[in-house]
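Numbering that gives the first Met the number 0 applies: residue 0 is where the sequence shown begins, and numbers increase by one. Glycine residues also receive a C-beta, built at the ideal position from the N, C-alpha and C atoms. Just so you know, these numbers come straight off a predicted model, no measurement behind them. Okay, structure first, notes after.
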Amino acid sequence: MFISYKVWIRRAATACLIVYSACLLYWMFLGFGRTARYSQPMQYSLVPLRTIWYYLSAGGKMPLSVRLVNLLGNVAVFIPFGILMPAVTGRLRSAAGLAVLFIPCITALEILQMLLRAGSFDVDDILLNLLGVWTGFGLLRLPCIMKRRRL
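As structure tokens, then:
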């Protein structure tokens with residue numbers, strides 16, 4: 000039985016998305032030495048760009064590695080979603096469409112992190128994660144854009 004190229008790509012992308020999502024959930028709730036801090040109050044930041052600005056302006060007060068992990072890490076770990084989601088659904092062909100799907104999902108995960116006290120809810124994490132999704136989507140679209148410009 001012959002499976003078309005598009006079906007094969009969709010199945011492979013779906014398998015990768017499932018495995019990567021499981022890894023991401025582990026990282027968000029259990030990885031990096033995370034433990035529930037039930038004795039502490041729930042932590043959240045609702046002011047856009049506050050945390051990003053804090054890391055950018057910390058200078059010598061905070062190691063560069065900590066700042067990079069918190070800023071670039073929140074972008075980088077979501078790049079695969081921008082690549083895989085359009086391949087899985089076949090319908091998400093715009094950055095806005097990805098945002099409409101992605102923002103509620105990551106918001107729910109951020110809230111769950113806060114409620115379980117495995118982390119905090121930070122609106123800047125949502126912004127950085129969305130930037131990662133859009134970066135992956137842009138990388139996915141790059142060959143198409145380059146091909147059109149050569150014509």
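Reduced DSSP category for residue i - H, G, I as helix; E, B as strand; rest coil
{"i": "PHE28", "result": "helix"}
{"i": "PHE120", "result": "strand"}
{"i": "SER44", "result": "strand"}
{"i": "ALA75", "result": "helix"}
{"i": "PHE1", "result": "coil"}
{"i": "PRO62", "result": "coil"}
{"i": "GLN39", "result": "coil"}
{"i": "ALA57", "result": "coil"}
{"i": "GLY89", "result": "coil"}
{"i": "THR34", "result": "coil"}
Residue i versus residue j - alpha carbon distance
{"i": "ALA57", "j": "LYS5", "result": "47 Å"}
{"i": "TRP7", "j": "GLY81", "result": "19 Å"}
{"i": "LEU126", "j": "GLY59", "result": "25 Å"}
{"i": "ASP123", "j": "SER3", "result": "41 Å"}
{"i": "SER64", "j": "SER93", "result": "33 Å"}
{"i": "TRP52", "j": "VAL46", "result": "11 Å"}
{"i": "THR106", "j": "PHE1", "result": "41 Å"}
Residue i classed as buried or exposed, judged by whether at least 16 other C-beta atoms fall within 10 angstroms
{"i": "LEU91", "result": "buried"}
{"i": "GLY135", "result": "buried"}
{"i": "LEU141", "result": "exposed"}
{"i": "THR34", "result": "exposed"}
{"i": "PHE77", "result": "buried"}
CB of residue i within 8 Å of CB of residue j, strictly
{"i": "ASN73", "j": "GLY131", "result": "yes"}
{"i": "ALA95", "j": "LEU129", "result": "no"}
{"i": "PRO79", "j": "TYR25", "result": "no"}
{"i": "LEU83", "j": "MET27", "result": "no"}
{"i": "TYR43", "j": "PHE120", "result": "yes"}
Counting pairs of Cβ atoms below 8 Å between the segment 101-118 and the segment 26-38, do you hit three or more?
yes
Three or more C-beta pairs under 8 Å: does that hold for the segment 2-18 against the segment 86-97?
yes
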